[in-house]
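Colleague: Quick one: this structure, given as structure tokens, is what I'll be asking you about.
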Amino acid sequence: MHLSRRTMLAGLASLGLAPLIRATTADPTPTPEPTLPAPGAKVFRIGVPAKALTTDPAVTNDVETHRLARQVYQTLIGVDEETGETIPQLAAEWTVSDTGREVVFVLEPGISFHDDTELTADVVVENFQRWGTADQLLGSQLDDVGRLPFSIVFGGFSSEDACLLDAVEATGELEVTVTLRRPVTNLIAALTHPAFSITSPNSWAEFDAALNDGLALIPLAGSGPYRWGGLEGATIQLEAVNAQHNVEVLSVPNLHERLYGLSTQQLDVFDAVSPAVLRELVQSGYQVLLRDPLAVLYLGINQAHPVLANLHVRQAVAHALYRTDMVDSLHLEGSYVAHQFNPPSLLERTDDVVTYNADVSRAADLLAVAGYDGEPIEFWYPTGAERVYMTQPQKLFAHLSGRLTAAGFNIVARPVPWDDGTYMRSVLGGTSGRGLHLFGRNFFVRDALYVLADLFEYPNAEFGWTNPAVTNDLTAARTEDDPAVRTALLQRVEAAVSLDIPAVPLTFPITALASGHGVEFYPISPVLDEQYARVRLTD
């Protein structure tokens, strides 16, 4: 049965929580476009744990931005919803040369963007140029967003010697030739990442001009089933172009408010389900849709911190954490403790990867050897939002900090707002004073190289750590075409990371959505390729 409104309100009041944001309008704004839903058509409403930071997926690593990008834009290569294999999208076909250095894409004819610009080879070339110069576009903000997908896939930006992209040319009206300095392993799969969405160059000017003031929610024109609607406040509206319903994406940072929204039918679906509300969902007859564990949650360690620069202290951190208890109590069933940064489905763990089992006595001994004398260590965690891979971060902090304190650490709580990218900028930009922090990654590409290169290939302010051997192995793996050799290189990286401990992998979490009774079908995807146009609402 359903939880009653009175029961939900009483429960929320006892938790000191306000009801969900104000109720939204039931009907979308009428439109003369024949491809849009008729006036009075249903609106699909999804509650997400944080608002998207921008409308351009090429200049951010924000999960919520990439989630929405898949609705408004399209990539050259798509993902088959049943098999996860690559399929044509904007590119009708592609051919890779025998040397692997040339890839020719033939575009679908007759495609137009939402601003009526036609898809041509020249447009695709301009998009490649934009991605390759995102470092110049962002300027000093680049350090605040982390390593961007173009740099990860091609080894660097276009102006850098490490970049493997040599040229992109329009070799026909609908033919694009990409020339590489060396073959990039898994390039085709990598191009399914939403950061490689093709957008209309005629829609870039306003967005680019606004970047001087930070990432912006200024619409770009795509060719997907939705176009941007209202972007103000906590709700982002998507207007259907080739879909049966409009969409409202509501940012609802609090887990219990998302549950309340589903109960009161203000939401059709909400993401980031936690065990804290699982019982209520089951009792109410809602469906919980589980994703395969293609995300990693980790505890970052800043080696620029004077105490954490000591390896024995970092080892003590790793041994102090009782991760099994954390997973069992704070994550959905099927989640499991991570001892490396890639799940076994992407990279098998070897005996060379050091595992740090919970051992408070061992942690205390290591602190004594290090000469630790109770110096305060700031532990940062986000507030005002959750992530798909990190529900209820305050509870995660409380659990982990309790274990660290029991081992002898002097932990100082540092809650940092997530809003407007504050937490991401503060962590990735290397704000001083930070010792430990909670963060994670979703896997948008099924490639063991991707997350390792994102986190560890080059020195960065998040960890204050560098390892030339890791850099060399990741650089080699990017172009290695022998699967066994490539796997060995990536396993060696995981082993090196486990020895130096720039971060402690905590769990590969099962992530999940809750679906209301008004939803007949929702296209669940471990890489978050969840097309809202495929959602089926009940009559």
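To convert, count from 1 in the sequence shown and add 108; that's my numbering. Built from N, CA and C at the ideal position, the CB exists for glycine as well.
1) Assuming Glu570 contacts Gly322 under a Cβ cut-off of 8 Å, what Cβ separation, rounded to an integer in Å, is found between them?
2) Taking Leu397 and Leu621 to be in contact with their CB atoms under 8 Å, please state how far apart those CB atoms are, rounded to whole angstroms.
3) So within the stretch 346-430, which uninterrupted beta strand (DSSP E) runs reach at least 3 residues, ignoring any that extend past its ends?
4) In the structure shown, what three-state DSSP assignment does Ser220 receive?
5) What would DSSP say about Glu628, mapped onto helix, strand or coil?
6) I'd like to know whether the C-beta atoms of Leu636 and Gly548 end up nearer to each other than 8 Å.
7) Among Thr300, Ile618 and Leu295, which has the Cα closest to the Cα of Gly192?
8) Using the Cα positions of Ala329 and Phe236, report the straight-line distance between them to the nearest angstrom.
9) If you run the structure through DSSP and keep just helix, strand and coil, what is Tyr640?
10) CB Asp251 to CB Ser311, shorter than 8 Å?
11) Taking the alpha carbon of Leu512 as the point to measure from, which residue in Val435, Arg431 and Gly537 has its own alpha carbon closest?
12) Expressed to the nearest angstrom, what Euclidean distance is found between the alpha-carbon atoms of Ser437 and Leu546?
13) Which value, in whole angstroms, describes the spacing of the CA atoms of Val292 and Ser248?
14) Could you tell me the distance, in whole angstroms, from the CA atom of Ala584 to the CA atom of Tyr368?
15) When the Cα atoms are used, what is the spatial distance from Gly186 to Glu201?
16) Compare the beta carbon distance of Ile485 and Leu402 with 8 Å and say whether it is the shorter of the two.
17) If you draw a straight line from the alpha carbon of Leu429 to that of Asn465, how long is it in whole angstroms?
18) Is there contact between the stretch 459-474 and the stretch 601-612, where contact requires at least three CB pairs shorter than 8 Å?
19) Report yes if the CB atom of Gly280 is closer than 8 Å to the CB atom of Leu272, and no otherwise.
20) Using only the alpha-carbon positions, how far apart do Thr133 and Gln373 sit?
21) Within 10 angstroms of its Cβ, does Asp608 collect 16 or more other Cβ (buried), or is it exposed?
22) Could you tell me the alpha carbon to alpha carbon distance between Ser623 and Val390, rounded to whole angstroms?
23) Would you mind sorting Thr646 into buried or exposed? The rule is 16 or more other CB atoms within 10 Å of its CB.
24) Ordered along the chain, which non-local residues of its own chain (more than five positions away) have a Cβ less than 7 Å from that of Ala324?
25) Would a C-beta distance cut-off of 8 Å place Asn418 and Ala348 closer than the cut-off?
26) My parser needs the beta strand (DSSP E) runs of 3 or more residues fully inside the stretch 470-551; what are they?
27) Taking DSSP's pairing of strands, which residues face Gln182 in a bridge?
28) Quick test of your reading: Pro634 and Arg399, contact by CB under 8 Å. State the CB separation rounded to the nearest angstrom.
29) Just grab the DSSP bridge partners of Asn568 for me.
30) So, helix, strand or coil for Trp312, using DSSP?
31) May I ask you to list the residues that DSSP assigns as paired with Leu198?
32) What residues are listed by DSSP as bridge partners for Phe152?
33) What does the Cβ neighbour count give for Asp433, buried or exposed, with the cut at 16 atoms within 10 Å?
34) Go ahead and label Val593 buried or exposed: buried means 16 or more other beta carbons lie within 10 angstroms of its beta carbon, across all protein chains shown.
35) My understanding is that Gln182 touches Ser259, with C-beta atoms under 8 Å, so please give their C-beta distance in whole angstroms.
36) Using CA atoms only, rank isn't needed, just tell me which of Glu388, Phe517, Ala506 and Phe449 is closest to Val612.
Modeller: Looking at the atomic coordinates:
1) Not confirmed; about 19 Å, so no contact.
2) 5 Å
3) 354-359, 377-379, 395-398 and 403-409
4) Ser220 falls in the strand class under three-state DSSP.
5) strand
6) no
7) Thr300
8) 16 Å
9) helix
10) no
11) Arg431
12) Approximately 17 Å, taken between the alpha carbons.
13) So the alpha carbons of these two residues sit roughly 28 Å apart.
14) 50 Å
15) Near 11 Å, if we compare the C-alpha coordinates of Glu201 and Gly186.
16) no
17) 8 Å
18) yes
19) Cβ atoms of Gly280 and Leu272: not closer than 8 Å.
20) Because Thr133 carries a pLDDT of 33, less than 50, the predicted location of this residue cannot be relied on, and the following value inherits that uncertainty. Roughly 12 Å separates the two Cα atoms.
21) With 16 or more neighbouring CB atoms inside 10 Å of its own CB, Asp608 falls in the buried class.
22) Their backbone Cα atoms lie some 11 Å apart in a straight line.
23) exposed
24) Thr162, Phe315 and Ala318
25) no
26) 484-491, 518-525 and 542-550
27) Ile306
28) 5 Å
29) Trp573
30) coil
31) For Leu198, which the question treats as bridged, DSSP gives no partner whatsoever.
32) Bridge partners of Phe152 according to DSSP: Val355.
33) exposed
34) exposed
35) That belief does not hold up - the Cβ atoms of Gln182 and Ser259 are roughly 22 Å apart, past 8 Å.
36) Phe449
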